[in-house]
Amino acid sequence: MAVFLQPLLIAALLWWVSTGAILWLVRRPRATFGWSLGLSAGLAAAATVGVMITARDPGVTSAYLAFGCALTVWGWHEMGFLMGKLTGPRRTACPFGAQGWKRFTLSAETVIHHEIALALTALLFVALTWDQPNQTGTLTFLLLLGMRLSTKLNIFLGVPNPPIAFLPAGLKYLQSYFRRARFNALFPLSLAVAIVVTLMLGDAALASTGGTQVGYALMFMLAALGLLEHGFLMLPSPDRALWGWALEQTKPAVPVARPTAAEPINDHA
Numbered sequence: 021m022a023v024f025l026q027p028l029l030i031a032a033l034l035w036w037v038s039t040g041a042i043l044w045l046v047r048r049p050r051a052t053f054g055w056s057l058g059l060s061a062g063l064a065a066a067a068t069v070g071v072m073i074t075a076r077d078p079g080v081t082s083a084y085l086a087f088g089c090a091l092t093v094w095g096w097h098e099m100g101f102l103m104g105k106l107t108g109p110r111r112t113a114c115p116f117g118a119q120g121w122k123r124f125t126l127s128a129e130t131v132i133h134h135e136i137a138l139a140l141t142a143l144l145f146v147a148l149t150w151d152q153p154n155q156t157g158t159l160t161f162l163l164l165l166g167m168r169l170s171t172k173l174n175i176f177l178g179v180p181n182p183p184i185a186f187l188p189a190g191l192k193y194l195q196s197y198f199r200r201a202r203f204n205a206l207f208p209l210s211l212a213v214a215i216v217v218t219l220m221l222g223d224a225a226l227a228s229t230g231g232t233q234v235g236y237a238l239m240f241m242l243a244a245l246g247l248l249e250h251g252f253l254m255l256p257s258p259d260r261a262l263w264g265w266a267l268e269q270t271k272p273a274v275p276v277a278r279p280t281a282a283e284p285i286n287d288h289a
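Going by my numbering, the sequence shown opens with residue 21, and the numbers climb by one from there.
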C-alpha cells in the first residue's frame, strides 16, 4: 500500500508547489518576465526530450520523471499565458452587452493562441511517445488539457466563484469574459466525467504494478485535484490558505464585485 501512497503524496506536493511557484513568478515585476520565461523555456525543452526518452522505459523511475516532465512543460505554457506573452489577439475587455455566440467568439479571441499552443504540444507528445510502453508523460499532459478546457467552459457559462484571485494585473480584462451564476447546465456533466475519469485511473492503478501503477497513481491524484478545483468553482476557494506565500503582498487583480447572477463580471461598464 505504501508503494501506492507515495506517488499520491508526490503528485499532491508537485501540484501545490508548481502552482504556487507560477503564481509567485507572474506577480514579480515585468522586468523579470524575460528571465523567468527564458529559463522555463529551457527547462520545458529539456522536459520534452525527457518525455520522449522516458516513454521507452516502463520502470518506476521513468514514470516519476515523465510525470514531472509533463508538469514542467505545462507550467511553461501557464507562465507564458499569465505573463501575457501567449494569450490571443484580443487584449481588451468584453464589450458591455455582448451575449451568446458573439460573447463566445470574443472570449475565444482572448486565449486562442494559448489553446493552439497547448493542442500542438499535446500532438507533439503523442507523436514522440507513440506505441511506447510508458505513456505517463503524454497522458498527464492530456489530462491537464482536458481539465483546463472543462474549467474554462464552466467559467464562461457561469459559476458562483470564478478564479479571479489568480489573475495577475496584466490580465484583469479577462474577468469581463467570466460569468458569475449559481449554476450552469454543463457543470453536472463536467463533474460526472471528472469523477468517472478519476475512478478509472484509480482502478487502473490498483490493478497495475511497477511503473505502470505509479503512473496511474500520479494521474489519479492529479484528476482528484482537478475534481477538487471544479468544486472550488461552486464553493469558496481556499486559494489564500493554499498559496498565501505566493499571493502575499499582492493586491487582487480586480475588486471582488458581486454582479447579479448570470451576468458577466464587467468593471468597465
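Backbone N, C-alpha and C fix where the C-beta goes; we use that ideal spot for every residue, glycine too. In this text, all values refer to a predicted model and were calculated from it rather than measured experimentally.
Bridge partners of VAL179, per DSSP? Position 159 of the sequence shown, counting from 1, holds the residue named residue 179. Answer is ARG200.
Own chain residues within Cβ distance below 8 Å of LEU247, not counting five before or after: Within the sequence shown, the letter at position 227 stands for residue 247. Correct list, in chain order: LEU211, ALA214, ILE215 and THR218.
Own chain, CB closer than 6 Å to LEU148, minus 5 neighbours either side, in chain order: If you number the sequence shown from 1, residue 148 lands on position 128. MET72.
CB-CB under 8 Å to PRO256, same chain, minus the five flanking residues each way: which ones, in chain order? Locating residue 256 in the sequence shown gives position 236, counting from the first residue. So the list reads ASN181, once near-sequence residues are dropped.
Are the CB atoms of ARG200 and GLY178 nearer to each other than 9 Å? Translated into the one-based positions of the sequence shown, residue 200 becomes position 180. Translated into the one-based positions of the sequence shown, residue 178 becomes position 158. In contact: ARG200 and GLY178 (Cβ atoms closer than 9 Å).
Spell out a yes or no on whether the region 90–99 and the region 161–169 are touching, meaning 3 or more CB-CB pairs, one atom from each, closer than 8 Å. yes
Taking contact to mean 3 or more Cβ pairs, one atom from each stretch, closer than 8 Å, check whether the region 190–209 and the region 103–120 are in contact. yes
Proximity winner among ALA243, ASN204, ALA205 and LEU102, relative to ASP223 (alpha-carbon distances): Within the sequence shown, the letter at position 203 stands for residue 223. Per the Cα distances, ALA243.
Which residues in the same chain have their Cβ closer than 8 Å to the Cβ of PRO153, if we skip the five residues on either side of it in sequence? Start at 1 with the first residue of the sequence shown, and residue 153 comes out as number 133. Closer than 8 Å at Cβ, skipping near neighbours: ALA75, ARG76, ASP77 and PRO78.
Comparing the C-beta of LEU164 with each C-beta of chain C, is any distance below 9 Å? Looking for chain C here will not work: only one protein chain is present.
Check this for me: beta carbons of TRP96 and ALA64, under 9 Å apart or not? The residue given as residue 96 occupies position 76 in the sequence shown. The residue given as residue 64 occupies position 44 in the sequence shown. Yes, they are a contact pair.
So, at 6 Å on beta carbons, what are the nonlocal neighbours of MET103 in its own chain, with the 5 sequence-adjacent residues on each side left out? Taking the first residue of the sequence shown as 1, we reach residue 103 at position 83. Taken in chain order, the residues that qualify are VAL46 and PHE53.
Could you name the residues of the same chain whose beta carbon sits closer than 7 Å to that of ALA142, not counting the 5 residues immediately before and after it, in chain order? Within the sequence shown, the letter at position 122 stands for residue 142. Within the same chain, ALA142 has close Cβ partners PHE161, LEU162 and LEU165.
Where does the unbroken alpha helix (DSSP H) through PRO208 begin, and where does it stop? Position 188 of the sequence shown, counting from 1, holds the residue named residue 208. Residues 206–226.
Using a Cβ-Cβ cut-off of 7 Å (strictly less than) and excluding sequence neighbours within five positions of ALA61, which residues of its own chain qualify? On the sequence shown, residue 61 is found 41 positions in, with the first residue counted as 1. Correct list, in chain order: TRP96.
By Cβ distance below 8 Å, which residues in the same chain neighbour ALA32 in space, the five residues on each side in sequence not counted? As a first step, residue 32 must be located in the sequence shown, where it is residue number 12. The residues are MET241 and LEU245.
Hey, quick one: how far does the alpha helix (DSSP H) through THR107 stretch, first residue to last? The residue given as residue 107 occupies position 87 in the sequence shown. That residue, THR107, is in no alpha helix (DSSP H); it is neither H nor E in DSSP.
Might you give, ordered along the chain, the residues of its own chain that have their beta carbon closer than 8 Å to the beta carbon of SER127, omitting 5 neighbours on each side? Residue 127 sits at position 107 when you count from the first residue of the sequence shown. Around SER127: CYS114, PHE176 and TYR197.
Measuring only the C-alpha atoms, how far is SER38 from GLU98? To locate residue 38, count along the sequence shown from 1; it is residue 18. To locate residue 98, count along the sequence shown from 1; it is residue 78. The alpha-carbon atoms of SER38 and GLU98 are separated by roughly 11 Å.
At what residues does the alpha helix (DSSP H) containing GLY117 begin and finish? Working through the sequence shown from its first residue, we reach residue 117 at position 97. Per DSSP, GLY117 belongs to no alpha helix (DSSP H) and is neither H nor E.
Under a three-way DSSP split, which group does GLN155 fall into? For the purposes of this step, residue 155 is taken as residue 135 along the sequence shown, with counting starting at 1. Looking at GLN155 - three-state DSSP - the assignment turns out to be coil, as it is neither helix nor strand.
Between the CA atoms of THR68 and THR158 - distance to the nearest angstrom: In the sequence shown, residue 158 corresponds to position 138, counting from 1. In the sequence shown, residue 68 corresponds to position 48, counting from 1. So the two alpha carbons sit approximately 10 Å from each other.
Would you report the Cα separation of PHE203 and GLY70, rounded to the nearest angstrom? As a first step, residue 203 must be located in the sequence shown, where it is residue number 183. As a first step, residue 70 must be located in the sequence shown, where it is residue number 50. PHE203 and GLY70: Cα-Cα distance of roughly 41 Å.
Below 9 Å between beta carbons: does that hold for ALA15 and PRO27? Lying outside 21 to 289, the shown extent of the chain, residue 15 is not represented and no answer is given.
Can you have a look at HIS288 and say buried or exposed, based on whether 16 or more other CB atoms are within 10 angstroms of its CB? As a first step, residue 288 must be located in the sequence shown, where it is residue number 268. Low confidence applies here, because HIS288 scores a pLDDT of 42, under 50, leaving its location unreliable; read the following figure in that light. Classification of HIS288: exposed, given that the 10 Å Cβ count is below 16.
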